[in-house]
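Residues 670 to 997 in my numbering are what the sequence shown lists, from first letter to last. Contents: one structure, followed by commentary.
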Amino acid sequence: MRLGTYAPSGSVQWRAAAFITDDRLLDLAGALETARCAGASGLPLAVADTWRDTADMMHWITPDGIALARGLLALADTPAFAAARVSLGDVTHGPVMPRPGKFLAIGRNYMNHVREGQKIWAARGKTVAVPSFPAAFVKFSSGISAHGMPIVLPEGVESVDYELELALVIGRPAFRVPVERALDYVAGYTICNDVGARQIQRLEMEAQIGITLSKNFRSFAPVGPWLVTADEIPDPQALDIRLTVNGEQRQQAHTSDMIFPVAQLVSYWSQIGLEPGDMITTGTPSGVALAMPEPERYYLKAGDVVKASITGIGELINPVVAEAGRFG
């Protein structure tokens, strides 16, 4: 099942939805109300009795929420649910998780990306070790955008780079979970483009206080196009991933190439306590613009179109635009 959010025309309020087809949605809050009014039998309607806002995606990525969404989706094409069906062409496609409580981005989790980074730092007289644990930095929810939304190049900021990553969303509370059970806590998987400003990132890394500003400009975390529930991706280490810019392939890898597999990432970071809706990106493979022979030719520019794809999930497509006063 594919879950996501949308906003009705003229609205800025994201509403949880299940995808009937690529371009047709089922508004889950509307479908729930229809089911309640119709007295639909066989659905776990009671699980939503305590939900504060039935349109909030946070509820629908829990095990109870997924079970309810699946039951409602099975009724989506029946006449009674006509009012809850939405054409994607009439609405705004929203972020998978508009406001995750925690958004962790794993760094250096593909050996080929580690190697290309080592070459860059060696040229500057520094060494970079192969990671011995899955280190991460934090991305802010204010930077999250969606499929089809533009990546906005901030005014005066140079060297903006792409990073294709498999992302996961936590579906239930996880605290110090063992590796062998870690995938049980994953609600589903999606695609993230971990955009960053390399010039600023270099300064932050040299200051040795972590990377924050460079990774957190608005629109620097496109996520989508939807969340594929974990039951449809039983092995997250069996996925092909690919990124193109204007049709030119920049990154291609397989998730089996990860240094730390998804289960290990979830287990490790569950030390801090993970909650439903928390998002973790799993690192990027080689092929970033920074590592190209002439990086300036490959950094993102206004007019570019970035397409990130992962087998079993789909395609996340984002145009690149200049800021030009887009944000108030």
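Note that the Cβ used here is the ideal one computed from N, Cα and C, for glycine as well. For clarity, every value in this text was computed on a predicted model and none was experimentally measured.
Would you call the CB atoms of I949 and L837 closer than 7 Å? yes
For the alpha helix (DSSP H) containing M780, name the first residue and the last one. M780 to A791
So for F802, helix, strand or coil by DSSP? coil
Measure the C-alpha to C-alpha separation of E984 and R671 and round it to an integer number of angstroms. 13 Å
Quick one: what's got a C-beta closer than 6 Å to D909's C-beta in the same chain, skipping five residues either side? H923 and T980
Taking C-alpha atoms, which residue in C706, V760, N781 and G740 lies nearest to A749? C706
Name the residue from W790, G740, P800 and I813 whose alpha carbon lies nearest to the alpha carbon of P769. I813
Leaving out the 5 sequence neighbours to the left and right, which residues in its chain are closer than 8 Å to V783 when beta-carbon positions are compared? R777, V797, V799, P800 and I928
Which first and last residues belong to the alpha helix (DSSP H) in which L872 is found? R867 to A876
State the beta-bridge partners of K696 as determined by DSSP. The residue asked about is misnamed: residue 696 is Asp in this sequence, not Lys. Beta-bridge pairing links D696 to A686.
Considering only residues of the same chain and omitting the five flanking positions on each side of H728, which have a CB-CB separation below 6 Å? W720 and G734
A720 by DSSP, collapsed to three states: which one? Sequence check: residue 720 is Trp here, not Ala. Coil, per DSSP.
Who are C861's beta bridge partners in DSSP? E834 and V892
Could you check the C-alpha separation between P954 and A960 for me, to the nearest Å? 11 Å
Following the continuous alpha helix (DSSP H) through Y937, name the residue where it begins and the one where it ends. V931 to W938
Beta-carbon separation of T951 and E834 under 7 Å? yes
Once you ignore the five residues that flank A686 on each side, which residues in its own chain have a CB closer than 8 Å to its CB? L672, G673, T674, Y675, L694, L695, D696, L697 and V755
Are the Cβ atoms of V931 and V765 separated by less than 7 Å? no
Have a look at L969 and Q918 and give me their C-alpha separation to the nearest angstrom. 14 Å
Closest by CA to D926, which one among N781, L701 and I775? N781
Buried/exposed call for W683, threshold 16 Cβ in 10 Å: buried
Own chain partners of V760 with C-beta closer than 7 Å, once the 5 adjacent residues on each side are dropped: Y675, A676, P677 and S678
Which class does S828 belong to by DSSP, given the choice of helix, strand or coil? coil
Is it true that the CB of A717 sits closer than 7 Å to the CB of L701? yes
I'd like to know whether the C-beta atoms of S888 and V821 end up nearer to each other than 7 Å. yes
Quick one: what does DSSP say P903 is sitting in, helix, strand or coil? coil
Excluding the 5 residues flanking G956 on each side, which residues of the same chain have their C-beta closer than 6 Å to its C-beta? R919 and Q920
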